[in-house]
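**Student:** Per the working numbering, the sequence shown starts with residue 1, numbered consecutively.
Just so it is clear, CB atoms sit at the ideal spot from N, CA and C, and this is done for glycine as well.
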Amino acid sequence: MSATQYTTKHAVDELVDSYQRVPMLVIATHPDRSRIGERAALIDLHNEGNDYLSRVKPEFAKNGNAGRALLDEFISRSPIIFQSEPDGRIKLRAHSTKTTVTVVGRGVQDEYVLHERELDNGVVIGLNHRIVLLLKLLPLHDSAVDDNDVLFGISSDIRAIRQRVEQLASMSLPVMIRGAAGVGKQQAAYAIHQASERRDKPFISVNLAAIHDAVAEAELFGSERDGNRQLGYFEQANGGTIVLEDIEDASVNVHRLLHTVLQSGSVVPVGTEDTQPINCRIMLTSHKDPGDIEENSTLSMLIEKLSAYQLFIPPLTERREDIGLLFDYFVREQWQKLYGNRAYDAKISGELMSQLMTFHWPGNVRQLRNVARQVVIDSRDQEQLHLDPQLLSMLRPTSVNGHWEEETHVQRRPNSVSRNELLETLESCRFELQATGKKLGISRASVYQLIQRFEGVRTAQDLSEEEIKQSYEKNRSDTEKMMWDLQVSQIGLRRRLKSLGYDI
């Protein structure tokens, strides 16, 4: 029986909640690089309290393929034993195996105790300095990987984002894409554009922070002087998509210009009296939490007007299961750029991958790509991928000695919130995201991410116009009743109703 079949059988027969997370092993690096990203669910550990890891067990799989064990000749057939404890901890016992087992940050031991908080974030396990695995609590689903996908990864977050991208591609409404610097907001915008009917039209990305007030109007809306006509960004994007990057970093003057023009739906190039209708899809990106933006400011009004839908991209440290795949992808990408058709056959060392997996990545995916480029440059004519020792020393683990419980200042990890807990908390907080986040011990942005991840959980922005119309008529415009009927925030619902022209 393949790993996929094995997992599905138990998921159907024994796991009541399909969103329930189970201990999962993910291959971060392996001598056979095609194995990177394969997963194996430790179902017996979840259901019976014990499971095993060796050369021949369990079977790892991705893309719906038949499962395979690690099958590395340097890994012992004698198993590493996983045992679950009543308090949610897991014991990793290596007494009876010849394989050198290391939980990164703790050194070589015969037995490790892994706390639930560590498992939420992901525990990095090295085997004989050759294979690196991530042990993490993850939901049961196949790990689909497509090298041609702009949004690359196997995590639940990336899976949910890809589904949202498909939905948004068929619509023309404005989209706000939120996330920290370097997470891939522009890539998400491009993915929406590429999946839409506008894919053959221009895709224009504008760094608003780089626009000076003196030339803002001309750069955004175009200009004409002495018979020379210069197209502005909105005209360049005609028929396609324009992305206004990091909207909060633009000047107040740029905010006012954008707000005025978007109110009218047209632009007037500087030096002319010609009115040009705006004919492009507008997307915004932001690296700020919604609660950090001053209410009733021009920026807040601009965001409200252009945030018909909000998409959140999580930081890389919340989806460590993607790091191995992303790094291998970026190395191959950079190798081809730098060395052309020269064969890429260098190996990823266990030491290098262990440090990549435990680093905190403040620059997120962008920083990982930059490190991959450095590795490729440093590794020419090397048998193993090599990184400059000074840079390697900078990739220090996030936690002290691998013990996440010592970081008392860190809030609860969003991955530890189940779908049922989220639903119950949303209801008790009248579906207000700020209050829900406070009660759960996570940020408001993290609540948005969880809503994206779980099917059947929505915000007012996710509602179709037909749903809103039916509820409005059924409840005779009573937004309190509509809130409970639609199970979304009353404040968000009122904003949505106003934007659709309803009398409230």
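Applying the 10 Å Cβ sphere with the 16-neighbour rule, what's the burial state of residue 338?
**Tutor:** exposed
**Student:** Buried or exposed, going by whether 16 or more other CB atoms sit within 10 Å of the CB of residue 415?
**Tutor:** buried
**Student:** Mind checking which residues open and close the alpha helix (DSSP H) that includes residue 339?
**Tutor:** 323-339
**Student:** Would you mind giving the Cβ-Cβ distance between residue 23 and residue 45, rounded to the nearest angstrom? I have them listed as a contact below 8 Å.
**Tutor:** 5 Å
**Student:** Return the Cβ separation of residue 76 and residue 97 in integer angstroms, given the expectation that the two are a contact with Cβ distance under 8 Å.
**Tutor:** 5 Å
**Student:** Assign residue 260 to buried or exposed, taking buried as 16 or more other Cβ atoms, counted over all protein chains shown, within 10 Å of its Cβ.
**Tutor:** Of the residues assessed, residue 260 falls on the exposed side of the cut-off, its CB having fewer than 16 other CB atoms within 10 angstroms.
**Student:** Identify, in the order they occur along the chain, each residue of the same chain with its Cβ nearer than 7 Å to the Cβ of residue 402, setting aside the five sequence neighbours on each side.
**Tutor:** With a pLDDT of 40 at residue 402, under the threshold of 50, the modelled position of this residue cannot be trusted; read the value that follows with caution. Beyond the five residues adjoining it in sequence on each side, residue 402 comes within less than 7 Å, by CB distance, of 103, 104, 105 and 106 in the same chain, given in chain order.
**Student:** Three or more beta-carbon pairs under 8 Å between the region 149-160 and the region 312-325, yes or no?
**Tutor:** Because the criterion of three Cβ pairs below 8 Å is met, the region 149-160 and the region 312-325 touch.
**Student:** Applying the criterion that 16 or more other CB atoms from any shown protein chain within 10 Å of the CB defines a buried residue, is residue 350 buried or exposed?
**Tutor:** buried
**Student:** If residue 287 sits next to residue 179, beta carbons under 8 Å apart, how far is it from one beta carbon to the other, in whole angstroms?
**Tutor:** 7 Å
**Student:** In or out: residue 369 buried (at least 16 other Cβ within 10 Å) or exposed?
**Tutor:** buried
**Student:** Measure the CB-CB distance between residue 285 and residue 245 and report whether it falls below 8 Å.
**Tutor:** yes
**Student:** How is the beta strand (DSSP E) around residue 312 delimited, first residue to last?
**Tutor:** 309-312
**Student:** The beta strand (DSSP E) with residue 273 in it runs from where to where?
**Tutor:** Residue 273 -> no beta strand (DSSP E), and no H or E assigned at all.
**Student:** Taking the DSSP output, what are the residues bridged to residue 183?
**Tutor:** The partner list for residue 183 (beta bridge, DSSP) is empty, contrary to what the question assumes.
**Student:** Please report how far the alpha carbon of residue 495 lies from the alpha carbon of residue 468, in whole angstroms.
**Tutor:** In a straight line, the C-alpha of residue 495 is about 12 Å away from that of residue 468.
**Student:** Checking 8 Å against the spacing of the C-beta atoms, do residue 232 and residue 218 come in under that value?
**Tutor:** Residue 218 is positioned such that its CB atom lies closer than 8 Å to that of residue 232.
**Student:** Could you give the distance in angstroms between the alpha-carbon of residue 274 and the alpha-carbon of residue 392?
**Tutor:** 57 Å
**Student:** Quick one: what does DSSP say residue 228 is sitting in, helix, strand or coil?
**Tutor:** Three-state DSSP puts residue 228 in a strand.
**Student:** Tell whether a beta-carbon distance below 8 Å holds between residue 441 and residue 419.
**Tutor:** no
**Student:** Who are the Cβ neighbours of residue 56 in its own chain at under 7 Å, not counting the five residues just before and after it?
**Tutor:** 69 and 77
**Student:** Can you check which of these residues, 171, 433 and 90, is closest to residue 448 by C-alpha distance?
**Tutor:** Per the Cα distances, 433.
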